[in-house]
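Engineer: Quick one: the structure is below, questions incoming.
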Amino acid sequence: MLCLSSSRASKMLMLVMLMSCLVFSSYGSFEDVEITWGNGRGKILNGGQLLTLSLDNYSGSGFQSKNEYLFGRIDMQLKLVPGNSAGTVTTYYLSSQGATHDEIDFEFLGNVSGQPYTVHTNVFAQGKGNREQQFHLWFDPTTSFHTYSILWNPQRIIFLVDNIPIRVFNNNEAIGVPFPTSQPMRVYSSLWNADDWATQGGRVKTDWTHAPFTASYKNFNANACVHSSGSSSCGTQSTKSISDDQAWKTQGLDANGRKRLRWVQKKFMIYNYCTDTQRFPQGLPLECKRSRFL
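Numbered by mature numbering (1 follows the signal peptide of the UniProt record, and there is no 0), the letters in the sequence shown go through residues -28 to -1, 1 to 266 in order.
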């Protein structure tokens, strides 16, 4: 975790915390997820070590975690649809249910061969979203697996790519900005057709002669508080206990993390709702007036 630091932790405590992560993690396998739709287009392979989703002109596919989580760090390695992926969307996100749901989104918008993927991020709290930031990547996400992480604690949400932070959404409830703090969320992922909007605003349609489209997943890791029957696996731990001192619970960005965040946002950000004055003629959202950096 080169970009992340905890001001309270000594080196020895950090080592203990990393060891304690194993208590809540099922690293590397998909035993804690289930294919939820797609009529066979989603497959768990290699003894649970690899998962693939596919899309054709009849249906896409998707899966979800068996557990619900209330705060945690979720890591997933993805290899996106190669070649002409225009019109396709590969999603990886956390979400609760209902009209006032919370949601933390990674969406990967396909494009024609040779053009970059668009990484679309969003945060919903109490049913309100409209907090989009979009990026291109500094590598080809279709040729090998890369790690996409969501770190969610009561203070902030950090989106990371290969452990490099690309976005921070801080808890600004103190100034009236909703933040996901109380609704447990599952991990979801899907591959589906969205050629009405996904690629160049819907101008480029899906070319079904390239179907089936396939995205691949491995090394799913949920180092998180499992929420079940109204209680959390972390909620009854002593504040001094090892399991309650896992690093992600108070994680922010150190100086190197802030530097990398600025690099990504300067070089690779292609849309930021906090600079879109035409979209918000009555004034930018309140959180946009606060620093993006910790």
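Just so you know, even glycine gets a beta-carbon here, dropped at the ideal spot from N, CA and C.
(1) Check whether the region 235 to 246 and the region 98 to 111 are in contact - that is, three or more C-beta pairs closer than 8 Å.
(2) Just how far apart, CA to CA, sit residue 270 and His108?
(3) Taking buried to mean at least 16 other C-beta atoms within 10 Å of its own C-beta, is residue 267 buried or exposed?
(4) Answer yes or no: do Arg175 and Gln237 have a C-beta to C-beta separation smaller than 9 Å?
(5) Using three-state DSSP, classify Asn191 as helix, strand or coil.
(6) Within 10 angstroms of its Cβ, does Ala58 collect 16 or more other Cβ (buried), or is it exposed?
(7) Checking 9 Å against the spacing of the C-beta atoms, do Trp124 and Arg230 come in under that value?
(8) Round the Cβ separation of Gln49 and Tyr189 to the nearest angstrom and send it over; I've been treating them as touching at under 8 Å.
(9) Pull up the DSSP beta-bridge partners for Gly40, would you.
(10) Name the residue from Leu66, Asn94, Asp47 whose alpha carbon lies nearest to the alpha carbon of Tyr120.
(11) Using alpha carbons as the reference points, say which of Trp180, Trp220, Ala194 lies closest to Glu40.
Structural biologist: This is what the structure gives:
(1) At 8 Å Cβ cutoff, the stretches touch.
(2) Limits of the chain in this structure are -28 at one end and 266 at the other, which puts residue 270 out of reach.
(3) An answer regarding residue 267 cannot be provided, because it is not within the stretch -28 to 266 covered by the chain.
(4) 9 Å or more divides the Cβ of Arg175 from the Cβ of Gln237.
(5) strand
(6) buried
(7) no
(8) About 7 Å separates the beta carbon of Gln49 from that of Tyr189, a gap short enough to meet the 8 Å contact definition.
(9) Strictly speaking, residue 40 in this sequence is Glu, with Gly absent from that position. Answer is His199, bridged to Glu40.
(10) Asp47
(11) Looking at the Cα atoms, Ala194 is the closest of the given residues.
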